Every structure is written in C-alpha cells, then in structure tokens.
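Undergrad:
Numbering (my numbering), first residue to last: -5 to 173.
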C-alpha cells in the first residue's frame, strides 16, 4: 500500500496532479481543494489511496490526512464510489463534511456534482456514527446553551475538528460574539 508520494509537481490536469518521485510521474486523481493547495513545479506531499479494481488501478492523492480520511469514510458508504467521494471533497472541506453529517444537512452535501438527495441521505445515515472529530459533541453542548446547529455550523466548519470539545466551544462562542 502506498502511504504518500513526495516530489516535484510536474503537471496539473482537471482532476489530477502528477508528482515526479525518483524519475517516475505518479498521476493522482484528486479534489479541487487539493489542486488549489498545491503549486506547479514545487515539492509537494500527497497522502494517497490506491484503489484496485478488476479493470483498473487508480491512485488518489490528497493534500491533508483529514481529506484522505474523509475520502475513505465517504467511499465506505454503499453506492458512493471514488468519483462521488472526490466530488464531495471538491465542494466541501473535511470539516464541512463532518459538520453536514453531524447536523443532518443534506442540502450542503447535495451541492457536490452528481450527489442527489438519496446519496446524501445514505452518507449522513451511514457516517453519522463514524468518528467525525469532536464536532458533534460541540454541536450538542452548544445546543444546550441555546444555539441551533444552523447557527454554529458555519463557525465550526472553519475550525479543526480534532481540537478538544472545550476549545471548539470556546472558539465558537468567541466567533459568535463577534457577529
């Protein structure tokens, strides 16, 4: 299994990045968010997922471990393949995906190209109990304080979901106070 590729980014295509490692160019299918994070002719590291099928071997690359983990979670949902996983992560950050799942926000997930209401429902249903960081706990705690998920979701989506719950709550309350 390939964990990552590191080398010079020698080409960018519509949904792929080519990283040259030891004289070999590895084409990694990727998201628009990753393509925005990398620059041509610079050294990059992409965290990878190797998908082996009967008719193809595809390599997927992501700028962050969080994006890779979210991709793996998405493709674990029945009916969601790599193409759909890339579409969701091209539209949303991993934190926004976690937020949408935690708050049952189907509308946000359906913004991704090719993702309809039924697939969005399946994503929320199947990933609701998968670890999405501490965001769901923060949403629940902020709910006790009288904030609705729709009020706190935009703020929490900008924060690192791996932060401790207390810190997520504190940062969210500070941001909400500034608005």
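Glycine residues also receive a C-beta, built at the ideal position from the N, C-alpha and C atoms. This structure is a prediction, so every number in the text was calculated from the model and none was measured.
Taking the alpha carbon of residue 155 as the point to measure from, which residue in 12, 95, 114 and 82 has its own alpha carbon closest?
TA: If you number the chain shown from 1, residue 155 lands on position 161. Checked all of 12, 95, 114 and 82; the closest Cα to residue 155 is 95.
Undergrad: What does a CB cutoff of less than 7 angstroms around residue 5 pick up in its chain, not counting 5 residues either side in sequence?
TA: To locate residue 5, count along the chain shown from 1; it is residue 11. The residues are 12.
Undergrad: For residue 43, list the residues DSSP reports as bridge partners.
TA: Within the chain shown, residue 43 is the residue found at index 49, counting from 1. Looking at the DSSP assignment, residue 43 forms a beta bridge with 54.
Undergrad: Using only CA atoms, which one of 53, 48, 167 and 120 lies nearest to residue 148?
TA: Position 154 of the chain shown, counted from the start, is the residue given in the question as residue 148. Answer by Cα proximity: 167.
Undergrad: The alpha helix (DSSP H) that contains residue 93, what's its start and end?
TA: The residue labelled residue 93 in the question sits at position 99 within the chain shown. Counting along the chain, the alpha helix (DSSP H) containing residue 93 begins and ends at 88 to 96.
Undergrad: For residue 157, name the three-state secondary structure that DSSP assigns.
TA: On the chain shown, residue 157 is found 163 positions in, with the first residue counted as 1. In the structure shown, residue 157 sits in coil (DSSP, three-state: anything other than H, G, I, E or B).
Undergrad: Excluding sequence positions up to five away, which residues of its chain have a Cβ less than 6 angstroms from the Cβ of residue 74?
TA: Locating residue 74 in the chain shown gives position 80, counting from the first residue. 68, listed in sequence order.
Undergrad: If distances are taken between C-alpha atoms only, which option among 99, 50 and 32 comes closest to residue 121?
TA: Residue 121 sits at position 127 when you count from the first residue of the chain shown. Out of 99, 50 and 32, 99 has the C-alpha closest to the C-alpha of residue 121.
Undergrad: Helix, strand or coil: which one does DSSP assign to residue -2?
TA: Position 4 of the chain shown, counted from the first residue, corresponds to residue -2. Residue -2: strand per DSSP, three-state reduction.
Undergrad: Between the C-alpha atoms of residue 161 and residue 16, what's the straight-line distance to the nearest angstrom?
TA: On the chain shown, position 167 is the one that residue 161 refers to. On the chain shown, position 22 is the one that residue 16 refers to. When rounded, the distance between both Cα atoms is 42 angstroms.
Undergrad: Measure the alpha-carbon distance for residue 64 versus residue 19 and round it to whole angstroms.
TA: The residue you call residue 64 lines up with position 70 of the chain shown. The residue you call residue 19 lines up with position 25 of the chain shown. In this model, residue 64 and residue 19 are separated by some 25 angstroms (Cα to Cα).
Undergrad: Identify the continuous alpha helix (DSSP H) that holds residue 79 and give its terminal residues.
TA: Taking the chain shown and counting its residues from 1, one reaches residue 79 at position 85. Segment 76 to 85, the alpha helix (DSSP H) holding residue 79.
Undergrad: For residue 19, does the three-state DSSP call read helix, strand or coil?
TA: Taking the chain shown and counting its residues from 1, the one referred to as residue 19 is at position 25. Secondary structure of residue 19 (DSSP, three-state): strand.
Undergrad: By the three-class DSSP mapping on this structure, what secondary structure does residue 10 have?
TA: Working through the chain shown from its first residue, we reach residue 10 at position 16. In the three-state reduction of the DSSP assignment, residue 10 falls in the strand class, which pools E and B.
Undergrad: Near residue 62, which residues of its chain fall below 7 angstroms by C-beta distance, leaving aside the five closest residues on each side in sequence?
TA: Working through the chain shown from its first residue, we reach residue 62 at position 68. By the criterion of a C-beta distance shorter than 7 angstroms, residue 62 is surrounded in its chain by 41, 43 and 56, once the five residues flanking it on both sides are discounted.
Undergrad: Helix, strand or coil: which one does DSSP assign to residue 151?
TA: Taking the first residue of the chain shown as position 1, residue 151 is located at position 157. The answer is coil: DSSP assigns residue 151 none of H, G, I, E or B.
Undergrad: Name the two residues that bound the continuous alpha helix (DSSP H) containing residue 69.
TA: Indexing the chain shown from 1 puts residue 69 at position 75. Annotation for residue 69: the continuous alpha helix (DSSP H) segment containing it runs 59 to 69.
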